[in-house]
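Numbering (mature numbering (1 follows the signal peptide of the UniProt record, and there is no 0)), first residue to last: -23 to -1, 1 to 571. Backbone N, C-alpha and C fix where the C-beta goes; we use that ideal spot for every residue, glycine too. Below is one structure, written out as structure tokens, with a few remarks after it.
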């Protein structure tokens, strides 16, 4: 759709001379665009049409004489001959003298770029009839990025093409700056200007072809196409393989990301990533993907996440401990439920106060308005009270590792249930308590109250289950047994069992299918325990390592100190261990936060 204007350049000086000689008989001198730009007042257009009256002649003569006696007038250069002068390039001309060629009166000196005939006030009259803009292609719209900083930016996205301007493709978008070469009202799908908005006319030199179909690549085959690499196909044309009539995919390399993938999230039609297919969008998606409210998009059962901070709290008996939980994900309408409730001031708030009577692990469950639930745990340690291993509420359990034990363990308790002993020679076993430790310091003692045997004592930590845990075992003397040599000293093992247990899993200090030896006696100590000698134990259980120190309490000498470098089980339960050793006693045990 073209718009044309007459543009007669370089005639202003000649027109001005005629005007002076005819006393402003023609008020519409050409300003270079065929528009009114006359020097004289249009009100005087008919003041002298050739009729000779005395009054008018006298008045004209009087005015002319007055003008000649008024002194000087200001004229400004119009170097680009567009009818508008440079306000910074003016000079005074004595009244009655001829102004310099190519100049205009000071009142017309409003040009913002006097080196460009396409730039002057009103050049882009369809953008702003008063603003000083550049319109090089003469389509009535100003250049949106003019070369002269004094020129006002317009809305023309391609000022070198008179077929490209806002509303050029009025059938497609009456306001968008598109290119329409064949003037059929539909924009070129591959415009020549880099800033021109592509339209849907794929053959823009043929007015019979108007709107083409847009097809976009669908690399992840989720039926939603990328906005990049699209092509327009004329009616009846061949569609490229792997293309779809959609360009709304925000991540076309992942079939789990597309508009509406997270139909339970808000907004439901947003382009989100839902990798676990639970209807909720990833809360930390790749760039370009709308952020959803699924805190763990790799777990279909986990939409709401709860973080109890800190996970470990120290207090003393009778004093309060502050608990705190923060929830993320889901719809945000959270309900809090802490357990056990008996020692909490309010189990329904994010941060209750706890007053436990013994070491206690509290569980926080958070449910949102869509019934998504998340949970976490926090352990409160009593630094002035040992653990209760037996009795009401202790919940510690005996674990027999062999599927068909020949000699099951027999346990007895002393010191108010804080010490446990294996009273007879038995198969490998543990006595595990329910508290989950993380970044904790655990202290206690071990002793063998007999001289009749020389086998294994120790403990387990990082306990996930009877198949996954760390084991510290300490043998008094080296001996051949169960098809291998049982070495004196301390051995550290990591269990990740996939089969039923056999005696060599515990008796031998070499790897088996169910366990890996992390440290041998050569790495720790080859010294065996001594009959009826009490040993102190300190375990610094951190996220990526565990430091173990064994002390001879008879003289407080250090028997061994070493660090187990493994992060397979960064948190877990603790328990005692013994194998084929009677009268092996453990405890009392206490703990606090690291």
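Inset, instruction - Could you check the C-alpha separation between residue 500 and residue 394 for me, to the nearest Å? - result: 35 Å
Legend entry - Residue burial classification, residue 200 (beta-carbon count within 10 angstroms, cutoff 16): Here residue 200 is exposed, its C-beta having fewer than 16 other C-beta atoms within 10 Å.
Legend entry - Where residue 97 sits in the DSSP three-state scheme: Strand, per DSSP.
Legend entry - Environment of residue 293 [buried if 16+ CB atoms lie within 10 Å]: exposed
Inset, instruction - If I'm right that residue 506 touches residue 425 with Cβ under 8 Å, what's the distance once you round it to whole angstroms? - result: 6 Å
Inset, instruction - Let me know the secondary structure DSSP gives residue 298 once reduced to three states. - result: strand
Legend entry - Pick from 116, 228, 217 and 178 that is closest to residue 211, judged by C-alpha positions: 178
Inset, instruction - Just the C-alpha distance for residue 146 and residue 306, rounded to the nearest angstrom, thanks. - result: 46 Å
Inset, instruction - Using a threshold of 8 Å, state whether the C-beta atoms of residue 496 and residue 437 are closer than that. - result: no
Inset, instruction - Put residue 84 into one of helix, strand or coil per three-state DSSP. - result: helix
Inset, instruction - Confirm, please, whether the CB-CB distance from residue 94 to residue 576 is below 8 Å. - result: The structure shown does not extend to residue 576, since the chain is modelled only from -23 through 571, so no value can be given for it.
Inset, instruction - Give a yes or no on contact between the segment 56 to 69 and the segment 83 to 98, applying the rule of three or more CB pairs nearer than 8 Å. - result: Contact between the segment 56 to 69 and the segment 83 to 98 is present, with at least three C-beta pairs closer than 8 Å.
Legend entry - DSSP-derived helix/strand/coil call for residue 483: helix
Legend entry - For residue 280, the three-state DSSP class (helix, strand or coil): Here residue 280 sits in coil by DSSP.
Legend entry - the segment 377 to 397 / the segment 513 to 530 touching (three or more Cβ pairs under 8 Å): no
Inset, instruction - Give me the Cβ distance between residue 227 and residue 280, rounded to the nearest whole Å; I'm assuming they're in contact under 8 Å. - result: Contact flag wrong, Cβ pair sits at about 21 Å.
Legend entry - Check whether residue 272 and residue 417 have beta carbons under 8 Å apart: no
Legend entry - 8 Å Cβ shell around residue 102 - same chain, five flanking residues per side excluded: 117, listed in sequence order.
Inset, instruction - List in chain order: all unbroken beta strand (DSSP E) runs of 3+ residues lying wholly within the segment 370 to 419. - result: You should have 374 to 377, 388 to 391, 396 to 399 and 406 to 409.
Inset, instruction - Whole angstroms is fine: what's the gap from residue 150's alpha carbon to residue 168's? - result: 15 Å
Inset, instruction - Would you tell me roughly how many angstroms separate the C-alpha atoms of residue 430 and residue 558, rounded to the nearest one? - result: 6 Å
Legend entry - For residue 436: DSSP bridge partner residues: 449 and 553
Inset, instruction - Flag this pair as yes or no: are the beta carbons of residue 566 and residue 421 separated by less than 8 Å? - result: yes
Inset, instruction - Could you check what DSSP says for residue 339 in three-state terms: helix, strand or coil? - result: strand
Inset, instruction - From the DSSP output, in three-state form, read off residue 575 for me. - result: Because the chain here runs from -23 to 571, residue 575 falls outside it and cannot be looked at.
Inset, instruction - Answer with buried or exposed for residue 31, where buried requires no fewer than 16 other C-beta atoms within 10 angstroms of its C-beta. - result: Bear in mind that the predicted position of residue 31 carries a pLDDT of just 40, short of 50, making it unreliable; the figure below should be weighed with that in mind. Residue 31 comes out exposed.
Legend entry - Check whether residue 236 and residue 247 have beta carbons under 8 Å apart: A contact, by the Cβ cut-off of 8 Å.
Legend entry - Own chain residues within Cβ distance below 8 Å of residue 387, not counting five before or after: 399, 400, 401 and 403
Inset, instruction - Could you name each continuous alpha helix (DSSP H) segment of 4 residues or more that falls completely within the segment 465 to 535, going from the start of the chain to the end? - result: 481 to 484
Legend entry - Rounded separation between residue 513 and residue 385 - CA only: 27 Å
Legend entry - Identity of the residues DSSP links to residue 358 by a beta bridge: 291
Inset, instruction - Take residue 475 as the anchor and find which of 489, 72 and 463 has the nearest alpha-carbon. - result: 489
Legend entry - Extent of the continuous beta strand (DSSP E) run through residue 190: 190 to 194
Legend entry - Sequence-distant residues of the same chain with beta carbon closer than 8 Å to residue 223, five excluded per side: 193, 195, 200, 201 and 202
Legend entry - For residue 235, the residue or residues it bridges with in DSSP: 249
Inset, instruction - Name the two residues that bound the continuous beta strand (DSSP E) containing residue 70. - result: Counted as a single uninterrupted DSSP element, the beta strand (DSSP E) harbouring residue 70 occupies residues 67 to 71.
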